[in-house]
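Chemist: In this text, residue positions in the sequence shown follow my numbering: the first is 946, and each later residue adds one.
Think of the CB as a built atom: it goes at the ideal place given N, C-alpha and C, for glycine as much as any other residue.
Structure incoming, see below.
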Amino acid sequence: MVRGGPASSVSTRLPVQRDAGEEGAGSEAGPGPATPEGIEAGTYEILRKRLLEHGAELRRRVERLNAERKRVFGSIEFALVSTERITTKYNCSPRDMVLLGGDRFLFGYNVRMGLKREVKLEDVFAVYEFADRKFVPRDLDPICDPEFGRDFAELYKYYRETVFSDFRRMDDFLYMAFQVGRDIDDLKCFKWAVTEEGIRYLGNRFDHEYHFPPPHEFEWKRVIRDFHRYGTHPHISIEDRVFVETVGGDLTVKVEDNTETGEGIYSEPVLDPDQTLDDAEIYYAILGHLILMKIRPFQEKEFRYLVFNEKLQEVQRIDQIGESCVLLPDGRGIIFHNRYYLQTGEHKVFEDELSGMVYSRRIEARNGEDFLCVFYNRASGVYVLLSYNRVEQRLETPIVCNGFTLFDTGEMVLFKGENEPRKHHLLQVWRTPYVGPNVVLEEKTDSYLYKISNPAVVGCLADCHDVLNLIEKEDTYANL
946 MVRGGPASSV STRLPVQRDA GEEGAGSEAG PGPATPEGIE AGTYEILRKR LLEHGAELRR
1006 RVERLNAERK RVFGSIEFAL VSTERITTKY NCSPRDMVLL GGDRFLFGYN VRMGLKREVK
1066 LEDVFAVYEF ADRKFVPRDL DPICDPEFGR DFAELYKYYR ETVFSDFRRM DDFLYMAFQV
1126 GRDIDDLKCF KWAVTEEGIR YLGNRFDHEY HFPPPHEFEW KRVIRDFHRY GTHPHISIED
1186 RVFVETVGGD LTVKVEDNTE TGEGIYSEPV LDPDQTLDDA EIYYAILGHL ILMKIRPFQE
1246 KEFRYLVFNE KLQEVQRIDQ IGESCVLLPD GRGIIFHNRY YLQTGEHKVF EDELSGMVYS
1306 RRIEARNGED FLCVFYNRAS GVYVLLSYNR VEQRLETPIV CNGFTLFDTG EMVLFKGENE
1366 PRKHHLLQVW RTPYVGPNVV LEEKTDSYLY KISNPAVVGC LADCHDVLNL IEKEDTYANL
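Encoded structure:
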């Protein structure tokens, strides 16, 4: 059963020293009805007005500080710069791309071989140089290692269903993955060492090293019998902060440790109405004010994923958590391939039809301000790129592509999937703040902010935005 959240228990009346202008406002309002906080209406309005005025002044100062920060350290906006075209030797389906070093990148694709019996390197790979925002084809010298050539030829000879899957960079190593069967885990991988001079082939016995990060950047805890609370309407206590049960025909989330009632703030039906408290499989993770719950009711195949916001006393079902869930910087919330949810309760969903997205990697900009989260679909080869700004606490519109690479200049080149194999392929060039460590940034070293450092100022601005978000919250935000 579901009911509204509990009223706040705060009942203290706060004495306020009014000035002349405020005295009139208070006398006009009179005692009036008490607000949900237990403060008289006139007093509450005065406090609220003062808070909003201070918030407006704080926002003005934050904007001035941020403008000065950008002047001192520079600022690079995420934006599409141009679209260029490259031409491959054959009609092909592009699959992925990776930086080789300097201005060169390796382009990987699949060609329908037809009656051709031998597959050569140029049937799968092409090298291009990115110069003046143009793409110039180059020879395959960076990967023309004799041992790699033999291993490559044998792979296509003995595994007739071989297709190139993707490039994966892990630390100072590059893996070329090839799918040799129907299952996406039927892989053969070639390993290369990445050095300042280029890449060096290491061999083909490294399939076990190819992997992705854990899908969740936190640990799930499983509830045990000690968490059970028995009574007319039994439930499970999650560290005395939220209560959940799947008995009586529905999954219910409560905010009160009261087993005399089955009412809660959230409810949804379960398949088996006769299950007991022990039957459900329940895990949880506590991330600040957010409590994530992973629940599989009795005799059901799929887990359900819920997010309980302790401040707002609300629950949302977000099943994307099952695929992957990444923490935002400073513990400010969680992010998925098509949405985010902040500690403040702010959330946004980007509608798409993608599924099966796994967490691939994160890239943090040198400015301490921007954070790029990469999700990947191993079957289709689709990437989703999500760029989050710590200062504005804003997520850019997701970029969906089939391959991308970042150059030291911060320029990102990517391509999107095509319905049919073709020779001519469109590549987009984006300007991003994700510049490499060897790039010298133009900074005003004579400024006091320079001594503090850009990341430190960014952290300060992010904290100020947290305060502004709290000021703008409605009265229902608990413990404001």
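(1) Considering only C-alpha positions, which residue in the set Y1073, I1344, E1154, M1357 is nearest to D1116?
(2) When DSSP labels each residue in this structure, what does E990 get in the three-state scheme?
(3) Would you call K994 buried or exposed, if buried means 16 or more other Cβ atoms sit within 10 Å of its Cβ?
(4) Threshold first: 3 residues or longer. Then list the beta strand (DSSP E) segments lying entirely within the region 1329-1386, N to C.
(5) Thinking just about the alpha-carbon of each residue, which of D1408, R1367, E1099 is nearest to the one in T1033?
(6) When the Cα atoms are used, what is the spatial distance from F1320 to G1176?
(7) Would you check if the distance between the CB atom of E1337 and the CB atom of M1302 is smaller than 8 Å?
(8) If I follow the unbroken alpha helix (DSSP H) through E1309, where does it start and stop?
(9) Alpha carbon to alpha carbon, how far is S1305 from N1322? Give it in angstroms, no decimals.
(10) Identify every residue that forms a DSSP beta bridge with Y1285.
(11) I'd like the list of long-range same chain contacts for D1224, defined as Cβ closer than 6 Å, with 5 residues on each side in sequence excluded.
(12) Does R1030 come out as helix, strand or coil in the three-state DSSP assignment?
(13) Let me check one thing: in DSSP terms, what residues is T1140 bridge-paired to?
(14) For the alpha helix (DSSP H) containing N1203, name the first residue and the last one.
(15) Of all the beta strand (DSSP E) runs that stay within the bounds of the region 1211-1264, which reach a length of 3 or more residues?
(16) Would you tell me roughly how many angstroms separate the C-alpha atoms of Y1393 and F1018, rounded to the nearest one?
(17) Keeping to the same chain, check which residues put their C-beta closer than 8 Å to that of F1172; ignore five residues upstream and five downstream.
(18) Can you check which of these residues, P1091, A1071, D1202, D1090, is closest to P1082 by C-alpha distance?
(19) So what does DSSP say about K1389, is it helix, strand or coil?
(20) For R1335, count the other beta carbons within 10 Å of its own beta carbon; 16 or more makes it buried, fewer makes it exposed. Which is it?
(21) For a test of the three-state rule: what should DSSP assign to F1018, helix, strand or coil?
(22) Counting along the chain, where does the beta strand (DSSP E) carrying A1076 start and finish?
(23) Only counting the same chain, and skipping five residues up and downstream in sequence, which positions put a Cβ closer than 6 Å to that of T1289?
(24) Pick out whichever of A1230, S1332, I1344 has its Cα sitting closest to the Cα of E1309.
(25) Are the beta-carbon atoms of L1066 and F1163 separated by less than 8 Å?
(26) Can you tell me which of D1086, V1380, E1190, D1202 puts its alpha carbon nearest to the alpha carbon of G1313?
(27) Which residues share a DSSP beta bridge with S1182?
(28) Taking the straight line between their C-alpha atoms, what separation do you get for R1426 and C1089?
(29) Just to confirm, is the Cβ distance from D1096 to N1036 under 8 Å?
(30) When you compare only the Cα positions, how much space is there between C1346 and P1179?
(31) By a C-beta neighbour count over all protein chains shown, 10 Å radius and 16 as the cutoff for buried, is W1137 buried or exposed?
(32) Who are the near neighbours of I1344 in its chain, counting only those whose CB is closer than 6 Å to its CB and skipping five residues on each side?
(33) Per DSSP, which residues does P1039 bridge with? Please list them.
(34) In its own chain, which residues sit with a C-beta less than 6 Å from the C-beta of P1261, not counting the 5 before and 5 after it?
(35) In the DSSP assignment, find the unbroken beta strand (DSSP E) run with K1065 in it and report its ends.
(36) Beta-carbon separation of V1043 and R1114 under 8 Å?
Modeler: In short, the structure shows the following:
(1) Of all alpha-carbon atoms in Y1073, I1344, E1154, M1357, the one lying nearest the alpha-carbon of D1116 is that of E1154.
(2) Residue state, collapsed to three classes: helix.
(3) The residue in question, K994, is exposed, as its Cβ has fewer than 16 Cβ neighbours within 10 Å.
(4) Those beta strand (DSSP E) runs which fall completely within the region 1329-1386 and span 3+ residues are 1344-1346, 1348-1351, 1356-1360, 1367-1376.
(5) Here the closest residue by C-alpha is R1367.
(6) Taking the straight line from one Cα to the other gives about 44 Å.
(7) Result no, Cβ atoms of E1337 and M1302 do not sit closer than 8 Å.
(8) Premise fails: E1309 lies in the beta strand (DSSP E), 1303-1309, not in any alpha helix (DSSP H).
(9) Their Cα atoms are separated by approximately 9 Å.
(10) Here Y1285 is bridged, per DSSP, to I1280, K1293.
(11) Excluding sequence neighbours, D1224 sits near F1243.
(12) Correct three-state label for R1030: strand.
(13) G1143, per the DSSP bridge assignment.
(14) First-last for N1203: undefined, no H or E at that position.
(15) For the beta strand (DSSP E) assignment, the uninterrupted runs of no fewer than 3 residues enclosed by the region 1211-1264 are, from N- to C-terminal side, 1211-1214, 1226-1232, 1235-1241, 1249-1254, 1259-1262.
(16) Straight-line measurement puts the Cα of F1018 at about 11 Å from the Cα of Y1393.
(17) Here the set comprises I1181, S1182, I1183.
(18) Of the listed residues, the one whose Cα sits closest to P1082 is A1071.
(19) K1389: coil per DSSP, three-state reduction.
(20) By the Cβ-count criterion, R1335 is buried, with 16 or more other Cβ atoms from all chains shown falling within 10 Å of its own Cβ.
(21) Residue state, collapsed to three classes: helix.
(22) Taken as a continuous stretch (DSSP letters only), the beta strand (DSSP E) holding A1076 covers 1070-1076.
(23) Apart from the 5 residues on each side of it in sequence, T1289 sits with its Cβ closer than 6 Å to the Cβ of N1414 in its chain, given in chain order.
(24) Ranking the options by Cα distance to E1309, first place goes to S1332.
(25) With contacts defined by Cβ atoms closer than 8 Å, L1066 and F1163 do not form a contacting pair.
(26) Distances from the CA of G1313 to each of D1086, V1380, E1190, D1202 were compared; the closest alpha carbon is that of V1380.
(27) For S1182, which the question treats as bridged, DSSP gives the partners F1188.
(28) It is not possible to answer for residue 1426, since the shown part of the chain is limited to 946 through 1425.
(29) Result no, Cβ atoms of D1096 and N1036 do not sit closer than 8 Å.
(30) Distance from the CA atom of C1346 to the CA atom of P1179, rounded to whole angstroms, is 48 Å.
(31) The residue is buried, with at least 16 neighbouring Cβ atoms inside 10 Å.
(32) Here the set comprises L1330.
(33) Paired residue(s): Y1054.
(34) Here residue 1261 is Gln; the residue named in the question, Pro, does not match the sequence. A distance below 6 Å between beta-carbons, with the five flanking residues on each side excluded, links Q1261 to the following residues of its chain, in chain order: V1252.
(35) From DSSP, K1065 is part of no beta strand (DSSP E); its letter is neither H nor E.
(36) Closer than 8 Å, so yes.
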